[in-house]
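Numbering (this note's numbering), first residue to last: 9 to 424.
A short worksheet on the structure shown next.
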Amino acid sequence: MTETPSVPPRDKRGQRTGYTTGSNASAAAKAAAIALLSGQWPEVVEISLPIGETAAMRPVRTDQGPGWAACGMVKDAGDDPDVTHGALICARVSRSDSPGIHLEGGEGVGRVTRPGLGLAVGGPAINPVPRQQITENVLAAVRDHAPGGEDMLEREGLDVVISVPEGARIALRTLNARLGIVGGISILGTTGKVFPYSTAAWRASVIQAVEMAAASGAEQVVMSTGGRSEKYAMRIYPHLPEGAFVELSIFTGDALRTCVERGVRSAAFVGMVGKMIKTAQGYMQTHVAANQVDFAFLAQVCREVGAPEALAQAVAEANTGRHFLELCQEHGCQAPLQRVVDLALERCMEYVASQGGAMALDVVLVDFDGPVLAQARAARPEAPARTAEAAPFVERLAADPGAFYHDDDPIAGGGA
């Protein structure tokens with residue numbers, strides 16, 4: 009049987025929402041369980057989502073044999089530029105002599121190789137919320153279609169294997185390798201839905217990356233604002249392992265807070281001029297549309313450090329952070345750049361203290377081709393040592409998905 013996948017609804021901005029890999033895996037597993045238990049394939053399978061809603065999805069691939077049934081769903085991420093959009097998400101459900109529902113990952117689902125993610129090392133990269141979602145939807149199929157309902161699971165069980173045939177290839181476009189997840193993608197989704205251009209999934213990946221860096225045992229966690237900054241950061245800190253480096257993107261505050269939560273004692277923040285200026289202004293999220301460079305602020309910085317008035321006036325009329333840098337270089341004046349870095353360090357240390365933390369921090373401004381333009385360091389303040397929280401991020405989310413993921417968190421022109 010081949011069907012067209014269901015179309016997700018639109019959000020309040022008129023954009024199509026999508027369904028997560030966890031929801032697609034849940035739908036595939038529930039449909040396969042229904043076919044195995046009843047002998048009939050559903051044309052449409054209705055699943056429950058972690059946020060309390062339901063979704064109706066159509067199988068696109070089905071197969072069945074003695075004691076097993078397999079189903080595939082094509083992930084529709086809606087209007088979100090998700091790398092897993094269009095991926096085939098499959099589930100194979102088979103009978104087992106072992107009571108209960110047993111979930112495993114197959115082809116194209118990553119395997120966890122390092123601690124720190126809240127997932128068992130050696131196990132499949134199926135996060136706690138989608139794991140629960142898959143199990144609950146298979147249980148619903150048992151309840152409705154097995155002789156005796158749920159009592160069946162006291163006598164025998166069901167093995168559920170999730171697979172993504174193109175998962176290994178898709179994973180090359182994700183952060184999984186950096187997180188210690190090999191061989192495929194992760195099965196994700198805390199709400200069950202994908203919200204177009206939402207920062208939620210982006211933030212979550214940054215937080216998990218910082219957790220992994222903290223768990224790596226490296227003496228310092230180095231956070232950069234992008235891919236080029238990270239490449240240059242690796243040159244500045246060549247003695248550190250790759251696992252110590254994190255791209256925090258626009259989420260400076262989330263990265264610093266996670267360092268505090270995980271008991272990091274020493275960190276570094278490496279970035280280019282635009283995001284460094286915004287950090288100096290006190291912005292702990294540095295998205296271009298949300299928080300703008302304040303050129304009056306930069307002109308005042310120039311005056312505070314005794315730069316020529318001609319430079320201050322030119323900076324007041326500058327167009328971009330890069331333009332500010334070019335003006336400083338044209339005037340042969342490094343002091344404003346150093347002051348920006350000093351202020352960025354002050355703002356970061358204030359934020360760390362506001363989160364109840366204490367750590368040493370380097371702040372390094374790099375040019376677009378790599379040279380260090382300015383840097384500053386703060387020693388770790390005297391404070392009681394803070395140990396890492398017991399539960400990693402993914403486990404804390406499971407209890408309250410709505411506390412982190414929202415349908416009103418857009419990024420204009422960016423991906424989730």
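C-beta: ideal position from N, C-alpha, C; glycine also.
Distance cut-off 6 Å: residue i Cβ against heavy atoms of the ligand ADP
{"i": "ASN327", "result": "Looking for the ligand ADP in the displayed structure turns up nothing, as the structure carries no ligands at all."}
Rounded straight-line distance, which links the Cα of residue j to that of residue i
{"i": "GLU115", "j": "PRO74", "result": "21 Å"}
{"i": "GLY156", "j": "ALA185", "result": "44 Å"}
{"i": "GLY165", "j": "ARG100", "result": "14 Å"}
{"i": "PRO123", "j": "ALA318", "result": "54 Å"}
{"i": "THR28", "j": "VAL172", "result": "13 Å"}
{"i": "ARG163", "j": "ARG103", "result": "11 Å"}
{"i": "ALA252", "j": "ALA386", "result": "19 Å"}
{"i": "PHE277", "j": "ASP105", "result": "53 Å"}
{"i": "MET231", "j": "ALA43", "result": "49 Å"}
{"i": "GLU112", "j": "LEU351", "result": "49 Å"}
{"i": "ARG66", "j": "ALA39", "result": "9 Å"}
{"i": "VAL82", "j": "ILE59", "result": "21 Å"}
{"i": "LEU333", "j": "LEU345", "result": "8 Å"}
{"i": "SER362", "j": "SER274", "result": "17 Å"}
{"i": "GLU250", "j": "PHE303", "result": "36 Å"}
{"i": "ALA41", "j": "ALA149", "result": "6 Å"}
{"i": "GLY200", "j": "ALA217", "result": "22 Å"}
{"i": "ILE419", "j": "SER257", "result": "Residue placement at ILE419 cannot be trusted, given a pLDDT of 30 that sits under 50; what the coordinates show is reported in the next sentence. Approximately 13 Å, taken between the alpha carbons."}
{"i": "PRO246", "j": "GLY225", "result": "16 Å"}
{"i": "ALA77", "j": "VAL91", "result": "28 Å"}
{"i": "ALA154", "j": "MET160", "result": "7 Å"}
{"i": "LEU353", "j": "LEU369", "result": "8 Å"}
{"i": "ALA223", "j": "VAL272", "result": "9 Å"}
{"i": "PRO107", "j": "GLU158", "result": "11 Å"}
{"i": "THR121", "j": "ALA128", "result": "9 Å"}
{"i": "GLN140", "j": "PRO50", "result": "22 Å"}
{"i": "LEU381", "j": "ILE215", "result": "28 Å"}
{"i": "ALA326", "j": "GLY279", "result": "20 Å"}
{"i": "ARG177", "j": "PRO138", "result": "22 Å"}
{"i": "VAL168", "j": "GLN48", "result": "18 Å"}
{"i": "HIS331", "j": "GLN337", "result": "10 Å"}
Within 7 Å, strictly: CB atoms of residue i and residue j
{"i": "ASN268", "j": "VAL360", "result": "Checking the displayed sequence, the identity of residue 268 turns out to be Val instead of Asn. Cβ distance < 7 Å, so VAL268 and VAL360 count as in contact."}
{"i": "LEU196", "j": "GLY30", "result": "yes"}
{"i": "SER213", "j": "ALA133", "result": "no"}
{"i": "GLY261", "j": "MET220", "result": "no"}
{"i": "VAL281", "j": "ALA307", "result": "no"}
{"i": "THR328", "j": "LYS283", "result": "no"}
{"i": "ASP71", "j": "GLY26", "result": "no"}
{"i": "GLY131", "j": "GLY192", "result": "no"}
{"i": "ALA35", "j": "VAL146", "result": "no"}
{"i": "ALA33", "j": "VAL52", "result": "no"}
Secondary structure of residue i, DSSP reduced to three states
{"i": "THR28", "result": "coil"}
{"i": "VAL371", "result": "strand"}
{"i": "GLY113", "result": "strand"}
{"i": "THR328", "result": "coil"}
{"i": "LYS239", "result": "helix"}
{"i": "PHE203", "result": "coil"}
{"i": "ALA387", "result": "coil"}
{"i": "PHE303", "result": "helix"}
{"i": "ILE189", "result": "strand"}
{"i": "ARG119", "result": "strand"}
{"i": "GLU269", "result": "helix"}
{"i": "PRO132", "result": "strand"}
{"i": "LEU127", "result": "coil"}
{"i": "VAL296", "result": "Residue confidence is low: VAL296 scores 49 on pLDDT, short of 50, so the model does not pin down where it sits. Its coordinate-derived value is still stated next. VAL296: coil per DSSP, three-state reduction."}
{"i": "LEU6", "result": "This structure leaves residue 6 out entirely; the chain is present only between 9 and 424."}
{"i": "ILE234", "result": "Note that residue 234 is Gly in the sequence shown here, rather than Ile. It is coil, neither helix nor strand."}
{"i": "ILE215", "result": "helix"}
{"i": "GLY108", "result": "strand"}
{"i": "SER224", "result": "coil"}
{"i": "ILE195", "result": "strand"}
{"i": "LEU381", "result": "strand"}
{"i": "VAL229", "result": "strand"}
Nonlocal neighbours in the same chain, by C-beta distance under 7 Å from residue i, ignoring five residues either side
{"i": "ARG355", "result": "THR287, ALA288 and GLY290"}
{"i": "ARG347", "result": "VAL309, GLU312 and VAL313"}
{"i": "ALA398", "result": "A caution first: ALA398 carries a pLDDT of 46, below 50, which makes its placement in the model unreliable, though a value can still be read off. So the list is empty, once near-sequence residues are dropped."}
{"i": "ARG265", "result": "GLN363"}
{"i": "GLU238", "result": "SER232, PHE253 and GLU255"}
{"i": "VAL229", "result": "VAL218, ALA221, ALA222, ALA252, VAL254, CYS267, VAL272 and ALA275"}
{"i": "LEU335", "result": "LEU319, ALA322, VAL323 and ALA326"}
{"i": "PHE376", "result": "MET280"}
Cβ shell of residue i (< 8 Å), same chain only, five flanking positions each side left out
{"i": "GLU174", "result": "ALA95, LEU96 and GLY116"}
{"i": "GLY188", "result": "VAL120, THR121, ARG122, GLY124, LEU125, MET220 and GLY251"}
Own chain residues within Cβ distance below 6 Å of residue i, not counting five before or after
{"i": "VAL296", "result": "With a pLDDT of 49 at VAL296, under the threshold of 50, the modelled position of this residue cannot be trusted; read the value that follows with caution. Around VAL296: no qualifying Cβ."}
{"i": "TYR240", "result": "VAL374 and GLY378"}
{"i": "THR143", "result": "ILE109"}
{"i": "VAL254", "result": "ALA217, VAL218, ALA221 and MET231"}
Could you tell me which whole beta strand (DSSP E) segments of length 3 or greater appear in the region 44 to 105? For the region 44 to 105, whole beta strand (DSSP E) runs of length 3 or above, ordered along the chain, are 53 to 56, 62 to 65, 69 to 73, 76 to 82 and 96 to 104.
Runs of alpha helix (DSSP H) wholly within the region 139 to 174 (minimum 4 residues, chain order): If we require 4 residues or more, the alpha helix (DSSP H) runs fully inside the region 139 to 174 come out as 160 to 163.
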